[in-house]
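Q: I'd like to ask some things about the structure below.
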Amino acid sequence: MTPTTLYLKYRPQKLSELDSAGPREELIKIFKSEKFPHAFLFTGPKGIGKTSAARIIAKKVNCLNKKQFEPCNDCVNCLSITRGSNVDVLEIDAASNRGIDDIKELREKIKLAPSCLKYKVYIIDEVHMLTTEAFNALLKTLEEPPAHALFILCTTDPEKLPKTITSRCLVINFKKATKKEIVDKLRKVCDKEKWQYEEKALEEIAKLSDGSFRDANKVLDQVSFSGKILLEEVNKLSGVSVDFNIEDFLLILQKRQAKEAVLWINKQVDQGINLKVLVEKLLDAARNILLTHFGIEEEKLENKFDFSQEELECLIGLFTRAYGELRFAVIAQLPLEMAVIEWCQIEGEDGKREVSRDVGAGSEKTEKSDPLQTSHPHSTSNFSPPSQFSFDDVVKKWSEILEKVKLLNHSVLAFLKATRPLNCEDGFLVLEVFYKFHKDQLEKDQCRKIFEKAAGEVLGCEVKLKCNLSETKRQPQPLPKVDFIPPTDKPLVSSQTNDNADIIKLAEEIFNKGGTIQ
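This is how it looks when you write it as structure tokens:
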């Protein structure tokens, strides 16, 4: 039995078999016209079929049996190129052959006529890895190529290529494969191998492959030993537990049940889930829900969620930040737990949910409430009409208001530190804001409601926020003027530190300690 992998076994051998529709149609048009350039440039992500297309072109231009636009795959030339044994078709990895000496050697060899083919074909993979000197040497060859030479350059990063190289090639872009294209490809492979498969398993493989046909075939190969492609096996491969369902977690977050959310995360950790995969799936689901707000439905979800657009933006922001912190976390799940707690402390849109400060409570709070209702019902009864607070009250209690905001949300506190109370007008507390970014953030519903709630509790009446952008930015405090001190030979030592008592007192002040130094 000859060992082989699926991605090699089902590698395209004809132009019509290429998985990427755009490049397939473009190359068919070119070779139907029987005119082709001396240099191609294939761009696109890894595992999408660039080198496979290059090999097919090498076979087509050297095929002994002219068969429309396709290579015959039966003649001596086609078979030797397929096996990779033909000396006139050279595949060069630019990552390991990137110097000027390598390209100079190529230039010398390319002058020689082909040994057994009509065209010498040079396939240079990851061509963007060449050095500047090597690019200059290659450019000379591309400008004046021999009649028997054909260049096919492949790259995953076309922006790094000099324009002088790009302009001398016919550029064909291989786009990232869609989920549907990958699932169709996997379905064909399963049918040919006579494997049973679950549709959801193929869809999950398509997600894991991230738009790469080659990676999708590799994953399929790894889960196919039983002859059945099951979702359970795919989840095990990706580090996801059997009973993992990200929609269950989203439902808990929607109800802002902090205790249940933290326990759910810990359960997944105990079962060995990859936390990065967990966050990726959460963000993917949140993105799908967000897109439905704009009439776009990429993937149908089993449950119906009532997150507002602002809530989804906040949720995505919190877990994107947590994703970045996972790498350096001392306790693996801590960034996710902190994101959950912060999420559950933010009040929902229009006051539909109360702030849940008690992580251990975990109780569902979905009853509609007044927009200014807090988790302490008695505080709302103290609210009075807006006219009962004055600007003097605000100034006197401003630090207390900031402390109250700090308990609710640290981010809002940071924005408020770049403001100052300006005046009171028509029942509104007007803040002077020094930066437009801070003004925009404070005017968002979530931040505004947090401030209004905190100010209302401190002042004992309803408060409405209004922000005015300051015309002048905060200026740094000028340095105090210092009189000129003439040079002296004597050490500059204060007379106040002559005796030990004063030294001890000075040390206490520096280190902010109230006791005596022993």
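Numbering (the numbering used here), first residue to last: 38 to 555.
C-beta: ideal position from N, C-alpha, C; glycine also.
Roughly how many whole angstroms lie between the Cα atoms of Lys486 and Asn446?
A: Working through the sequence shown from its first residue, we reach residue 486 at position 449. Working through the sequence shown from its first residue, we reach residue 446 at position 409. Rounded to the nearest whole angstrom, the CA to CA distance from Lys486 to Asn446 is 11 Å.
Q: Report yes or no: do three or more beta-carbon pairs, one from the region 365 to 384 and one from the region 312 to 326, lie closer than 8 Å?
A: yes
Q: Taking DSSP's pairing of strands, which residues face Cys504 in a bridge?
A: Position 467 of the sequence shown, counting from 1, holds the residue named residue 504. Its beta-bridge partners are Leu468.
Q: Starting from Phe331, trace the beta strand (DSSP E) both ways and give me its first and last residue.
A: The residue labelled residue 331 in the question sits at position 294 within the sequence shown. Here Phe331 belongs to no beta strand (DSSP E), and DSSP marks it neither H nor E.
Q: Suppose the cutoff is 6 Å on Cβ atoms and the five residues either side in sequence are ignored; what does the same chain contact list for Ile160 look like?
A: The residue you call residue 160 lines up with position 123 of the sequence shown. The answer, listed in chain order, is Ala91, Glu128 and Ile189.
Q: Between the region 179 to 188 and the region 146 to 159, do three or more beta carbon pairs fall short of 8 Å?
A: The region 179 to 188, when compared against the region 146 to 159, does touch it at the 8 Å Cβ threshold.
Q: Rounding to the nearest angstrom, what Cα-Cα distance links Lys292 and Thr215 in this structure?
A: As a working mapping, residue 292 is identified with position 255 in the sequence shown. As a working mapping, residue 215 is identified with position 178 in the sequence shown. Between Lys292 and Thr215, the C-alpha separation is close to 34 Å.
Q: Could you give the first and the last residue of the continuous beta strand (DSSP E) run that contains Asp130?
A: What you label residue 130 is simply residue 93 of the sequence shown in a count that begins at 1. Start and end: Val126 to Asp130.
Q: Contact between the region 261 to 275 and the region 228 to 246 is defined here as three or more beta-carbon pairs at a separation below 8 Å; is this criterion met?
A: Contact between the region 261 to 275 and the region 228 to 246 is present, because at least three Cβ pairs lie under 8 Å.
Q: Let me know if Lys177 comes out buried or exposed under the rule of 16 or more other beta-carbons within 10 Å of its beta-carbon.
A: As a first step, residue 177 is located in the sequence shown; it is residue number 140 there, counting from the start. Classification of Lys177: exposed, given that the 10 Å Cβ count is below 16.
Q: Nearest-angstrom Cα distance between Ile67 and Ile93?
A: In the sequence shown, the residue the question calls residue 67 occupies position 30. In the sequence shown, the residue the question calls residue 93 occupies position 56. Spanning the two alpha carbons is a distance of roughly 13 Å.
Q: Determine the extent of the alpha helix (DSSP H) in which Ala186 is found, giving its start and end residues.
A: On the sequence shown, residue 186 is found 149 positions in, with the first residue counted as 1. Segment Ala186 to Thr192 is the beta strand (DSSP E) holding Ala186; no alpha helix (DSSP H) there.
Q: For the alpha helix (DSSP H) containing Leu288, list its first residue and its last residue.
A: Along the sequence shown, one-based indexing puts residue 288 at 251. Element bounds for Leu288: Ile283 to Gln291.
Q: Given that a residue counts as buried once 16 or more other Cβ atoms are within 10 Å of its Cβ, and exposed if not, what is Asn272?
A: Sequence index remark: in the sequence shown, residue 272 carries index 235 (1-based). Per the 10 Å Cβ criterion, buried.
Q: Please return the same chain residues whose Cβ sits closer than 6 Å to the Cβ of Ala132, not counting the five positions on each side in sequence.
A: By one-based count along the sequence shown, residue 132 stands at place 95. Around Ala132: Glu163 and Met166.
Q: At which residues does the alpha helix (DSSP H) containing Cys381 begin and terminate?
A: Counting from 1 along the sequence shown, the entry for residue 381 is found at position 344. Residues Leu371 to Cys381.
Q: Measure the C-alpha to C-alpha separation of Leu290 and Ala298 and round it to an integer number of angstroms.
A: By one-based count along the sequence shown, residue 290 stands at place 253. By one-based count along the sequence shown, residue 298 stands at place 261. Straight-line Cα distance between these residues: approximately 7 Å.
Q: Drop a sphere of 10 angstroms on the beta-carbon of Arg120, count the other beta-carbons inside from all chains shown, and report buried for 16 or more, exposed for fewer.
A: Translated into the one-based positions of the sequence shown, residue 120 becomes position 83. Under this definition Arg120 is an exposed residue.
Q: Here's a check: name, in chain order, each residue in its chain whose Cβ is nearer than 6 Å to the Cβ of Asn102, leaving out the five neighbours to either side.
A: For the purposes of this step, residue 102 is taken as residue 65 along the sequence shown, with counting starting at 1. Within the same chain, Asn102 has close Cβ partners Cys109 and Cys112.
Q: My understanding is that Leu363 touches Glu379, with C-beta atoms under 8 Å, so please give their C-beta distance in whole angstroms.
A: Residue mapping note: residue 363 aligns to position 326 of the sequence shown, counting from 1. Residue mapping note: residue 379 aligns to position 342 of the sequence shown, counting from 1. The pair is not a contact, with the Cβ atoms about 16 Å apart (cut-off 8 Å).
Q: Under the DSSP definition of a beta bridge, which residues are partnered with Thr41?
A: For this step, residue 41 is matched to residue 4 along the sequence shown. Answer by DSSP bridge pairing: none, since Thr41 is not bridged.
Q: Please state whether the Cβ-Cβ distance between Phe465 and Lys501 is less than 8 Å.
A: For the purposes of this step, residue 465 is identified with residue 428 of the sequence shown, where counting begins at 1. For the purposes of this step, residue 501 is identified with residue 464 of the sequence shown, where counting begins at 1. In this structure, Lys501 lies closer than 8 Å to Phe465 by Cβ.
Q: Which same chain residues, not among the five before or five after Lys69, have their C-beta less than 8 Å away from its C-beta?
A: Residue 69 sits at position 32 when you count from the first residue of the sequence shown. Cβ neighbours of Lys69 beyond the five flanking positions: Gln105 and Phe106.
Q: I'd like the span of the beta strand (DSSP E) that includes Phe342, first residue to last.
A: Within the sequence shown, the letter at position 305 stands for residue 342. Segment: none, Phe342 is in no beta strand (DSSP E) and carries neither H nor E.
Q: Can the beta-carbon of Ala238 be found less than 8 Å from the beta-carbon of Ile219?
A: Numbered from its first residue, the sequence shown carries residue 238 at position 201. Numbered from its first residue, the sequence shown carries residue 219 at position 182. No; because the gap between Cβ atoms is not below 8 Å, this pair is not in contact.
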